[in-house]
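Counting from 1, position 61 in the sequence shown corresponds to residue 131 in our numbering; the numbering is continuous, with no gaps.
Each residue gets a CB set at the ideal place from its N, CA and C atoms; glycine is no exception.
Notes to accompany the following structure.
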Amino acid sequence: MKLSEIYKSSVPALSFEVFPPKPDISLEKVMDVIGDFKQYSPDFISVTYGAGGSSRGRTVEIATRIRKEYGLESMAHLTCVGQTHDEVDRILEELHQNGVSNIMALRGDPPRNNPDFDFSRGEFKYASELITYIRKHGDFDIAAAAYTEGHQDCKYIDKDWENLKRKVDCGVDVLITQLFYDNKLFWHFRDTVRKMGIKVPIIPGIMPMFNGRQIRRILSMCGASMPSKILIMLDKYGDSDEDMYRAGVEYAIKQIQELVSEGVDGIHLELMNRPDLARDVLGGLKRLKGES
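This is how it looks when you write it as C-alpha cells:
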C-alpha cells in the first residue's frame with residue numbers, strides 16, 4: 071500500500087524507522103528487530119540511508135525483506151548526495167522490481183570525514199531535484215523531511231519553509247518531521263505551512279529519550295531545541311540510564327497521546343532499533359486507553 075492510501079484512514083497510522091547495521095555486521099540483527107516490531111501491526115517501516123549513501127545497498131535489501139519476509143509495507147530512504155542519475159535509476163528499478171512503492175527523498179548528509187564536501191558538484195543538489203526526478207521516473211509515493219524549527223543549515227526559518235513548499239510542489243505525498251520535544255512547536259509549524267498552501271499529511275517524528283548523553287548529541291546534530299522541562303529531566307535523571315529511560319518513555323507516551331488527541335494523521339517512531347522502546351511506549355499508550 072502506498073503512503074497516500076495509508077494516510078487516508080480515519081485512524082492515525084503507526085510507522086517505525088530502522089537503520090541498517092554497519093557493513094561488517096549481519097543484517098539478521100535488524101531483521102530480528104523488525105520481527106519484534108511486526109507484533110504492533112505498523113502501517114509501514116522505513117529504512118534509513120547512511121551518510122553519503124554509505125548503506126544504500128543494505129537499505130534496499132532491508133526494505134525488500136520487510137515486504138517479502140514479514141508482509142509489511144516498507145519505505146526506503148534515498149538521498150541524492152553524490153548520486154548520479156544512473157545510480158538513482160538503478161535504485162528505483164531495484165525498488166520497483168521488489169515491490170517497494172514508497173520512498174523518503176532526502177538531500178542527505180555528506181560522506182563521513184569530509185566536512186568540506188561540495189553539494190553543488192553532484193547531479194542532484196537539492197532534495198527537490200531528487201523528488202522531481204523520482205516523480206518523472208517511477209510510480210512511487212514520496213515522503214520528505216520537515217523541520218519544525220527549520221533546517222540547521224538554513225539561517226532563516228521562513229526561507230526553510232519556502233524550500234519545504236517547493237519540495238511539496240515537486241510531488242511530495244507526505245511530510246515526516248524531524249524529532250521534537252515540544253508539541254507547541256509542531257502545531258505552530260503545521261499551522262504556518264498550512265497557510266502557505268501545504269495540504270499533504272504532516273506526520274510527527276517521535277524519538278523517545280532513552281539516554282541523556284545520546285539525546286544531547288542527537289539534538290545538537292539536528293539543531294532541535296530542548297524545552298526547559300527536558301533540561302530539567304536531563305539534569306535530574308541524566309546520570310542514570312535506567313531512570314532516564316523510564317522518564318523518557320513516560321514523556322513520549324504523554325507527547326504521543328496529546329498529538330493523537332489533537333488529530334494528527336499518524337505517528338512515526340524513531341526507536342534506534344530498540345524493541346524495548348516499542349514495547350514500553352506502545353504498552354503505556356494501551357494502558358492509557360484501558361486496553362489489555
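| Asked | Found |
| --- | --- |
| Buried versus exposed, by CB contacts within 10 Å (16 or more), residue 144 | buried |
| Distance, residue 341 Cα to residue 251 Cα | 15 Å |
| Residues sharing a beta bridge with residue 88, DSSP | 117 |
| Reference residue 348; option with closest CA among 303, 333, 329 and 320 | 320 |
| Terminal residues of the alpha helix (DSSP H) in which residue 197 lies | 197 to 207 |
| Where residue 248 falls, given that 16 or more other Cβ within 10 Å makes a residue buried | buried |
| Entirely enclosed alpha helix (DSSP H) segments - the region 283 to 360, minimum 4 residues | 298 to 307, 311 to 331 and 345 to 358 |
| Contact test: residue 79 Cβ vs the ligand SAM heavy atom, cutoff 7 Å | The ligand SAM is not part of this structure, which contains no ligands at all. |
| Alpha-carbon spacing of residue 80 relative to residue 261, whole angstroms | 20 Å |
| Same chain only: Cβ atoms within 7 Å of residue 318, ignoring 5 sequence neighbours per side | 278, 279 and 280 |
| Minimum C-alpha distance to residue 299 - residue among 86, 148, 253 and 177 | 253 |
| Per DSSP, the bridge partner or partners of residue 244 | 213 |
| Inter-residue spacing [alpha-carbon to alpha-carbon] between residue 337 and residue 82 | 7 Å |
| 7 Å CB neighbourhood of residue 237 in its chain, flanking five on each side removed | 197, 198, 201 and 214 |
| Same chain, Cβ closer than 8 Å to residue 216, neighbours up to 5 away in sequence not counted | 234, 245, 246, 247, 248, 259, 263 and 272 |
| Nearest to residue 346 (by Cα), restricted to the options 293, 105, 275 and 269 | 105 |
| Cβ-Cβ distance between residue 211 and residue 168 below 8 Å | no |
| Alpha carbon of residue 305 to alpha carbon of residue 151, nearest angstrom | 38 Å |
| For residue 314, the nearest candidate out of 133, 176, 303 and 228 (CA to CA) | 303 |
| Same chain only: Cβ atoms within 6 Å of residue 354, ignoring 5 sequence neighbours per side | 323 |
| Completely contained alpha helix (DSSP H) runs for the region 108 to 173, where each covers 4 or more residues | 126 to 140 and 155 to 167 |
| Helix, strand or coil at residue 362 according to DSSP, with G and I counted as helix | Here the model assigns residue 362 a pLDDT of 47, short of 50, so the residue's position is not dependable and the matter cannot be decided. |
| Straight-line gap, residue 128 to residue 269 (C-alpha atoms, nearest Å) | 33 Å |
| Helix, strand or coil at residue 276 [DSSP, three-state] | strand |
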